[in-house]
Every structure is written in C-alpha cells, then in structure tokens.
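Asks:
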Amino acid sequence: MSAHRPSTPRSDRLRGRWAGGFGRKLLGVLARPALADIDWEELEEALLVADVGVEATDTIVAALRERLKRDRAADAKEAVREELVRILDPSADRTLAIGSPGDGEAATVVVVGVNGVGKTTTVGKLARLLVEDGYSAMIGAADTFRAAAADQVATWGARAGIAVVRSDRDGGDPAAVAFEASQRARDTGTDVLLVDTAGRLQNKRDLMDELGKILRVLSRARPIAEVLLVLDATTGQNGLKQARVFQEAASITGIVLAKLDGSAKGGVVVQVQRELGVPVKFVGLGEKADDLVPFDPEAFVEGLLA
Ligand code: GDP
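Residue numbers (the working numbering): 484 to 789.
1. Have a look at the DSSP bridge pairing and note the partners of Asp679.
2. For Arg705, count the other beta carbons within 10 Å of its own beta carbon; 16 or more makes it buried, fewer makes it exposed. Which is it?
3. Considering only their Cβ atoms, is the gap separating Thr540 from Glu843 smaller than 7 Å?
4. Assuming Leu613 and Val675 form a contact by the criterion Cβ under 8 Å, report the distance between their Cβ atoms to the nearest whole angstrom.
5. Taking only heavy atoms of ligand 1 into account, decide whether any of them is closer than 6 Å to the Cβ of Asn686.
6. Would Glu605 and Val636 be called neighbours here (beta carbons separated by less than 7 Å)?
7. Tell me whether Gly769 sits in a helix, a strand or coil according to DSSP, three-state version.
8. With Leu698 as the anchor, note down where its alpha helix (DSSP H) starts and where it stops.
9. May I ask whether a heavy atom of ligand 1 can be found less than 6 Å away from the beta carbon of Ala733?
10. Just to check my reading of the structure: Leu518 and Leu547 have Cβ atoms closer than 8 Å, yes? What is that Cβ distance to the nearest angstrom?
11. Which residue comes first and which comes last in the beta strand (DSSP E) that contains Glu588?
12. Does the Cβ-Cβ distance between Lys748 and Ala533 come in under 7 Å?
13. Among the candidates Ala782, Gly760, Val751, whose CA atom is the shortest distance from the CA of Val537?
14. Contact criterion: CB-CB distance below 7 Å. Does Thr627 meet it with respect to chain D?
15. How about Asp679 and Asp634: do their beta carbons lie closer than 7 Å?
16. For the candidate residues Thr591, Ser574, Gly582, Thr736, whose alpha-carbon lies nearest to that of Ile707?
17. What's the gap between the Cα of Asp689 and the Cα of Arg703?
18. Sorted by chain position, which residues of the same chain lie with C-beta nearer than 8 Å to Ala772's C-beta, five sequence neighbours on each side aside?
19. Sorted by chain position, which residues of the same chain lie with C-beta nearer than 6 Å to Gly696's C-beta, five sequence neighbours on each side aside?
20. Measuring straight from C-alpha to C-alpha, what distance separates Asp744 and Asp779?
21. Could you give the residue range of the alpha helix (DSSP H) that holds Pro657?
22. For Leu497, which residues of its own chain have a beta-carbon under 6 Å away from its beta-carbon, when the five flanking residues on both sides are left out?
23. From the DSSP output, in three-state form, read off Val739 for me.
24. Closest to Ala556 by CA distance: which of Pro516, Thr542, Ala632, Glu588 is it?
25. On the DSSP bridge list, what partners appear for Val710?
26. Taking Cβ positions, are Ala741 and Gly623 nearer each other than 7 Å?
27. Taking 6 Å as the cut-off, does the CB of Thr603 come closer than this to any heavy atom belonging to ligand 1?
28. Pull up the distance between the alpha-carbon of Phe505 and that of Leu787, whole angstroms please.
29. With respect to 6 Å, is the separation between the Cβ of Asn598 and the closest non-hydrogen atom of ligand 1 below this value?
30. Between the alpha carbons of Thr542 and Val568, how many angstroms are there, rounded?
31. Comparing the CB of Gly749 with every heavy atom of ligand 1, is any distance shorter than 6 Å?
32. Can you look up Asp744 in the DSSP assignment and give me helix, strand or coil?
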C-alpha cells in the first residue's frame, strides 16, 4: 500500500504498546550495559519465552557472541537491537500490492485465518486504513457460517462508509457471496475489494476446498492481489500449526499478527516469518478501528527496547 510505508504517524502513536512481557524480560537481561557482561542463558530464555523460536534464538545468540569476539566493548542493547532487526528481515516488502487510489488497478485482498483470531476485526480495520489513504473499497462478507460475522462486518463497513456485500441468509454459499462481491466491485470500479472468509478448522479438506473455490471465483473477476493470513499473537507457537494448513490451501502473501497488544509472545513475529517465508505486514494492537499498524521491524524492536 503506497501510503503505508513504515513509521507513519499511526505506528509512532502506537509505538511501545506492543512491548508486552517480551520487552520487559529482555530489558531486564539488558540491564547490564556491556555485551561482555550479558548472561547468555538469561538472554536465551527471554527470547524463547517470547516465542522467538529455538532456531532464531540460536542465530541471534551466535551472532552476538561473534560480535563480542570482535568488539569487547560492544553496547549490549545496541547489539541486541541490531540482531533483532536483522532477523526480522527489514528489506522485505511489507506494502500491499494494490496500486494507488483511483489508478484503475482493481485489486482483491482476501483475509483468511481460524475463527477467533481477529480476522473480521482486521477486515474492518483494513477498510478504515484504505479509506483513510483515499482508496475506494468494498467488503465481501464470505464468512457465512458464523451468524454474527456478517453483522460484524456490516458494522465495520458502515463505520468506514463503504458498501458490504453479504448473503441474505446465514449458511449461504460463501463462494456465491465472493462472486457477487467481485462482480459488484468490478462494475463500480472499486479500487480494493476486501473479502472476509470463514475459518473453520475441524476439517482440513473442507476448509481447503472452500477456500480454493472462493479464490477461483474471485480471481475470475479481478486479480487477487493479496491473501493475508491473520494469526493471534497471544497463542504464540500454536498459531504456526494453523498457518501451515492455510498455506497449503492458499498462497499466503502476508501475515497480520493480531492481538499483539496483549501478548508477551511478540517474538512469534520472528518465527512466523521464518517458517512461512512471507512477511508480517500489519500488526493488531487493540480492538478499535485505528489499532492496526503497518509492521516496521525497526519501530517494533525500538518499542521493545525503549
Ligand atoms: P474472527 O473470528 O477471526 O473474525 O475474530 P474477530 O475479528 O471476531 O475477533 C475476535 C476477538 O478478538 C474480538 O473480541 C476482537 O475485538 C478481538 N480482537 C481482534 N483483534 C484484536 C487486537 O489486535 N487486539 C485485541 N486486544 N483484541 C483484538
């Protein structure tokens, strides 16, 4: 998304809210100013408890030990800051591939994830961001299984002042809603169509079939620009298992890590990126419309160590 370069006022405003317990523990370890005095076990533990993951923790610690060999007087906080930013891959493209407002480049953004992770809320927050940035947007409420989901989406749509295409009955065919939404978005020349999907995981086969069908139907009318997977930051590593199922069902292009505000497991950002090979593009920092910020590794780490 062109206007969503990191360090917008939005991410500045929310800076620090994502630190959670992760940052506190890490700051405790970094109370000793010199890298030479760091307790490596404590550092490892702080990273592991925050769900940075074993592999990434090893990589960070090894890099820090190397650094120490070269520079006995290295500043601990600065060295850890640099390694955390490095492992978060600051060069990754975290913008949405949706062109510019009004450029006629129709884009569809599909939001997927298990029920309860914050998917519908994310759709609402994204709608708000898009409208703020001058895009015309529409929402397709293709989560037709949960009775409240379409109502919830309708409320978010009304708040953002954009149209919501929904089924006229619960349990309707999600692909039919997706189809109708994509037709309407095409006919109205809408810049971005956001599609909310259902996330039942009881049956992997069903989920994959259904998602596949929705994506096929959508791609007929307009290109699918992004498939965003929403994960719940408070569940840490468990989210990764879910993520793999969705990755099999769809080509995920980006991750939204919701509920990072209430999580001591912010380190899971590192793991999901490494495991899925796609960048975290946004983080959710609360339940309100403005609580979605573009993910910026430098600001994230700075918030942790502030
Ligand atoms: P869905 O079933 O995946 O669509 O999940 P919902 O969007 O309905 O969200 C489930 C709950 O999580 C709701 O109570 C939301 O208000 C809450 N929620 C969603 N995103 C966030 C977030 O970033 N932070 C916090 N604290 N709560 C969130």
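Ideal placement from N, C-alpha and C gives every residue a C-beta, glycine not left out.
Replies: Let's see:
1. On the sequence shown, position 196 is the one that residue 679 refers to. Note: Asp679 sits in a beta bridge opposite Val594, Ala624.
2. Against the sequence shown, residue 705 aligns to sequence position 222. With 16 or more other Cβ atoms within 10 Å, it is buried.
3. One cannot answer for residue 843 here, as it falls past the ends of the chain, which runs 484 to 789.
4. Taking the first residue of the sequence shown as 1, we reach residue 613 at position 130. Taking the first residue of the sequence shown as 1, we reach residue 675 at position 192. Between Val675 and Leu613 the Cβ distance is about 5 Å, and since that is below 8 Å, they are a contact.
5. For the purposes of this step, residue 686 is taken as residue 203 along the sequence shown, with counting starting at 1. No, since every heavy atom of ligand 1 falls outside the 6 Å radius drawn around the Cβ of Asn686.
6. As a working note, residue 605 is residue 122 in the sequence shown. As a working note, residue 636 is residue 153 in the sequence shown. Residue 605 is actually Thr in this sequence, not Glu. Not a contact, by the Cβ cut-off of 7 Å.
7. As a first step, residue 769 must be located in the sequence shown, where it is residue number 286. If DSSP states are grouped into helix, strand and coil, Gly769 belongs with coil.
8. To locate residue 698, count along the sequence shown from 1; it is residue 215. First-last of the alpha helix (DSSP H) with Leu698: 687 to 704.
9. Mapped onto the sequence shown, residue 733 falls at position 250. False, no ligand heavy atom lies under 6 Å from that Cβ.
10. As a working note, residue 518 is residue 35 in the sequence shown. As a working note, residue 547 is residue 64 in the sequence shown. Confirmed, about 7 Å.
11. One-based indexing of the sequence shown puts residue 588 at position 105. Careful: Glu588 lies outside any beta strand (DSSP E) and carries neither H nor E.
12. Position 265 of the sequence shown, counting from 1, holds the residue named residue 748. Position 50 of the sequence shown, counting from 1, holds the residue named residue 533. In contact: Lys748 and Ala533 (Cβ atoms closer than 7 Å).
13. As a working note, residue 537 is residue 54 in the sequence shown. If we check each option's Cα against that of Val537, Val751 comes out closest.
14. Structure shown: chain D not included; a single protein chain is present.
15. For the purposes of this step, residue 679 is taken as the residue at position 196 of the sequence shown. For the purposes of this step, residue 634 is taken as the residue at position 151 of the sequence shown. Taking 7 Å as the Cβ cut-off, Asp679 and Asp634 do not qualify as a contacting pair.
16. The residue labelled residue 707 in the question sits at position 224 within the sequence shown. For Ile707, the nearest C-alpha among the options comes from Thr591.
17. As a first step, residue 689 must be located in the sequence shown, where it is residue number 206. As a first step, residue 703 must be located in the sequence shown, where it is residue number 220. Using only the alpha carbons, I get a separation of about 22 Å.
18. As a first step, residue 772 is located in the sequence shown; it is residue number 289 there, counting from the start. Excluding positions up to five away in sequence, the list reads Gly607, Lys608, Arg611, Trp639, Arg642, Ala643.
19. On the sequence shown, position 213 is the one that residue 696 refers to. A small fix is needed here, since residue 696 is Lys in this sequence, not Gly. Excluding its 5 nearest sequence neighbours in each direction, Lys696 has C-beta neighbours in its own chain below 6 Å: Ala658, listed in chain order.
20. As a first step, residue 744 must be located in the sequence shown, where it is residue number 261. As a first step, residue 779 must be located in the sequence shown, where it is residue number 296. In a straight line, the C-alpha of Asp744 is about 15 Å away from that of Asp779.
21. Residue numbering aside, residue 657 sits at position 174 when the sequence shown is read from its first letter. It spans 657 to 670 - the alpha helix (DSSP H) in which Pro657 sits, taken as one unbroken run.
22. Taking the first residue of the sequence shown as 1, we reach residue 497 at position 14. Note that Leu497 scores a pLDDT of 48, beneath 50, so its modelled location is shaky and nothing firm can be said.
23. If you number the sequence shown from 1, residue 739 lands on position 256. DSSP places Val739 in strand when its eight states are reduced to three.
24. Indexing the sequence shown from 1 puts residue 556 at position 73. When each option's Cα is compared against that of Ala556, the closest is Pro516.
25. Against the sequence shown, residue 710 aligns to sequence position 227. According to DSSP, Val710 bridges with Val593.
26. The residue you call residue 741 lines up with position 258 of the sequence shown. The residue you call residue 623 lines up with position 140 of the sequence shown. If you check the CB distance, Ala741 and Gly623 do not come in under 7 Å.
27. As a working note, residue 603 is residue 120 in the sequence shown. Yes, since a heavy atom of ligand 1 falls inside the 6 Å radius drawn around the Cβ of Thr603.
28. Within the sequence shown, numbered from 1, the residue matching residue 505 stands at position 22. Within the sequence shown, numbered from 1, the residue matching residue 787 stands at position 304. Rounded to the nearest angstrom, the two C-alpha atoms are 7 Å apart.
29. The residue labelled residue 598 in the question sits at position 115 within the sequence shown. It does: the Cβ of Asn598 is within 6 Å (strictly closer) of some heavy atom of ligand 1.
30. Translated into positions along the sequence shown, residue 542 becomes position 59. Translated into positions along the sequence shown, residue 568 becomes position 85. Approximately 13 Å, taken between the alpha carbons.
31. Working through the sequence shown from its first residue, we reach residue 749 at position 266. Flag unset: Cβ of Gly749 not near ligand 1.
32. Start at 1 with the first residue of the sequence shown, and residue 744 comes out as number 261. Here Asp744 sits in helix by DSSP.
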